[in-house]
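Presented below is the structure to which this report refers.
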Amino acid sequence: MVEILSNMAGSVWKIEVKENDEVKEGDVLIILESMKMEIPIEATHSGVVASINTKEGEFVQEGDCLVKISND
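Position in the sequence shown (first residue = 1) + 16 = our numbering.
Shown next as structure tokens:
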């Protein structure tokens, strides 16, 4: 299981995936909004989205786990 972490504090603007979606390394999973900029959070590994640990509009801190990807 791979955890995708927030690389900065910000608001979750858009979630681009759903649980059980197949993703490839580099796919955009979530878009954060911080300081009026959109920051894409990308998959660091290929696999299946096991869980989404946030929701649109939620404020997250740097290091928060946003998505878990099963790479089995």
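Glycine residues also receive a C-beta, built at the ideal position from the N, C-alpha and C atoms.
Q: For the beta strand (DSSP E) holding Leu22, just list the boundary residues, first then last.
A: Residue mapping note: residue 22 aligns to position 6 of the sequence shown, counting from 1. In the sequence as presented, Leu is not what sits at residue 22; that position holds Ser. For Ser22, there is no enclosing beta strand (DSSP E), as DSSP marks it with neither H nor E.
Q: Helix, strand or coil for Ser62, going by three-state DSSP, please let me know.
A: Along the sequence shown, one-based indexing puts residue 62 at 46. Reduced to three states, the DSSP call for Ser62 is coil.
Q.
If I measure Cβ to Cβ from His26 and keep anything under 6 Å in the same chain, skipping five residues before and after, which residues do I get?
A. Within the sequence shown, the letter at position 10 stands for residue 26. The identity of residue 26 in the sequence shown is Gly, whereas the question assumes His. The residues are Leu48, Glu49, Ser50.
Q) Can you name, in chain order, every residue of its own chain whose Cβ lies under 6 Å from the Cβ of Ala66, other than the five neighbours on each side? A) Against the sequence shown, residue 66 aligns to sequence position 50. So the list reads Lys84, Ser86, once near-sequence residues are dropped.
Q. Are there 16 or more other CB atoms within 10 angstroms of the CB of Gly63, so buried, or fewer, so exposed?
A. If you number the sequence shown from 1, residue 63 lands on position 47. Only buried fits Gly63, as 16 or more other CB atoms lie within 10 angstroms of its CB.
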